[in-house]
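Take the sequence shown: its position 98, counted from the start at 1, is 98 in the UniProt record's numbering, and no numbers get skipped. Glycine is no exception: its CB is placed at the ideal position from the N, C-alpha and C atoms. None of the values given here were measured: they were computed from a predicted structure.
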Amino acid sequence: MHNHTPDERAARVPTIHVVSDSIGETAQVVARAAAAQFGVTNPRLEVFSKIKSYQEVHDYLVNHVAYHQRTYGDDRILVFYTIVDAGIRRELAAFTERHPNILAVDVMTSAVDAIADMSGMEPVGEPGALRVVDHNYFRRISAIEFTIAHDDGRAPEDLTQADIVLLGVSRSSKTPLSIYLSQQGYKVANVPLDPSTEPPAQIFDVDRTRLFGLMITPEVLISIRQKRIKKAAGKNGGGQFAMLAKNYADPEYIYRDLEASRALMRRLGCIVIHTEGRAVEETAQEILRYYERSHPTAADVLG
């Protein structure tokens with residue numbers, strides 16, 4: 001991975017064709033997680049969902065193989081599928097075995113079979129069983145909506161309603177972490193810290209076991225902000241560059257910014273998490289390890 005730039009890695013990871021007789025949510029999550037292992041967090045996905053017959057899948061794959069041959073001179077395609085219908089699944093598996101140019105990954109079957117073998121139960125066999133009338137699905141949707149509405153310090157009066165509150169200076173990964181955690185079903189608010197402004201008073205009312213301070217080393221933050229300024233300057237012809245450059249990437253300002261943040265985090269008694277050099281998923285897991293010690297969650301069972 002280290003031998004390639006981010007753009008080169010993104011170009012080398014192939015388009016992942018997601019095929020599902022539900023909405024394809026599970027296969028998309030697995031596809032993104034797999035691509036992230038190669039440093040690509042936003043892979044190209046082509047989603048074909050709500051399929052009703054094997055013929056639909058067959059025609060879709062044949063068309064895409066032909067398209068890839070015409071466009072790229074390479075007829076290989078990568079497919080991740082979650083198909084509950086056993087008949088369609090068998091026909092698809094037989095078809096892909098006959099076509100070595102189609103690399104197909106059955107995302108669910110091995111996992112479902114393993115649970116069936118160990119539990120002695122039969123799977124329900126319904127497409128979308130993960131989300132149909134599933135309170136977990138609606139909880140995630142509600143959490144995502146809450147998190148978006150409480151990004152970057154918005155609606156501070158609701159801070160005590162959040163499951164998790166993230167504090168941190170600009171470019172410390174607050175928003176990506178918030179969105180990732182919300183997709184796991186947690187209502188997250190994030191609050192930007194800046195030495196020139198006071199944090200919202202409501203932050204002192206939040207249970208400290210729900211408060212997480214994001215910290216980053218000055219050297220890494222300086223580098224990130226300098227790149228941000230260059231990018232802004234290129235897009236905005238220098239106007240935004242001039243506005244940002246005044247203090248944004250100034251080392252002395254950044255040291256003050258971080259020290260003021262540390263002082264506030266100590267006053268609040270929140271848990272401090274370092275984000276530099278780590279994937280969002282890795283930082284999120286550390287946050288959840290601390291969070292679940294104080295707020296353990298029981299395994300949910302579909303009724």
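- The Cβ-Cβ distance between GLY213 and GLY168 falls below 8 Å.
- The Cβ atoms of ILE179 and THR147 sit closer than 8 Å to each other.
- DSSP places LEU193 outside any alpha helix (DSSP H), giving it a letter other than H or E.
- The beta carbon of ALA149 lies closer than 7 Å to those of ALA155 in the same chain, with the five residues before and after it left out.
- Straight through space, the alpha carbons of PHE80 and ALA31 are spaced by roughly 7 Å.
- Within the DSSP secondary-structure output, ALA189 pairs in a beta bridge with VAL165.
- Beta-bridge pairing by DSSP links VAL13 to no other residue.
- Around the Cβ of ARG90, a 10 Å sphere holds fewer than 16 other Cβ atoms; the residue is exposed.
- Taken atom to atom, the span from the alpha-carbon of THR197 to that of ALA111 is near 50 Å.
- Taken in chain order, the complete beta strand (DSSP E) segments of 3 or more residues contained in the stretch 51-97 are 77-82.
- Of the candidates TYR67, ALA279, HIS17, the residue whose Cα lies closest to the Cα of ALA36 is ALA279.
- In the three-state reduction of the DSSP assignment, ILE216 falls in the coil class.
- DSSP places ILE102 in the strand class (E or B) of the three-state scheme.
- Put simply, the stretch 68-86 touches the stretch 96-113. At least three CB pairs are less than 8 Å apart.
- If you look at LEU45, you'll find it isn't in any alpha helix (DSSP H); it sits in the beta strand (DSSP E) that goes 45-48.
- The secondary-structure analysis by DSSP pairs ILE148 with nothing; it has no beta-bridge partner.
- When beta bridges are read from the DSSP output, VAL112 appears opposite no residue.
- Within the model, the alpha-carbon separation for VAL47 versus ASP75 is close to 18 Å.
- The C-alpha of GLU276 lies about 7 Å from the C-alpha of THR217.
- Residue nearest to THR283 within the set MET215, LYS227, SER223, HIS295 is MET215 (criterion: CA-CA distance).
- Around the beta carbon of SER261, 16 or more other beta carbons sit within 10 angstroms, so the residue counts as buried.
- Under the 10 Å beta carbon count, SER294 is surrounded by fewer than 16 other beta carbons and is classified as exposed.
- Contact annotation, ILE16 with LEU45: C-beta distance approximately 5 Å; criterion of less than 8 Å satisfied.
- For ILE179, the enclosing alpha helix (DSSP H) has its first and last residue at 174-183.
- Burial state of ASN101 is exposed, judged by a 10 Å Cβ sphere holding fewer than 16 other Cβ atoms.
- When rounded, the separation of the alpha-carbon atoms in ASP158 and TYR54 is 49 Å.
- Around the Cβ of ARG171, a 10 Å sphere holds 16 or more other Cβ atoms; the residue is buried.
- Its chain contains GLY213, MET215, MET265 as the residues whose beta carbon lies nearer than 7 Å to that of VAL272, once the 5 sequence neighbours on both sides are disregarded; these appear in chain order.
- For ILE273, the enclosing beta strand (DSSP E) begins and ends at 271-274.
- Around the CB of GLY120, fewer than 16 other CB atoms lie within 10 Å, so the residue is classed as exposed.
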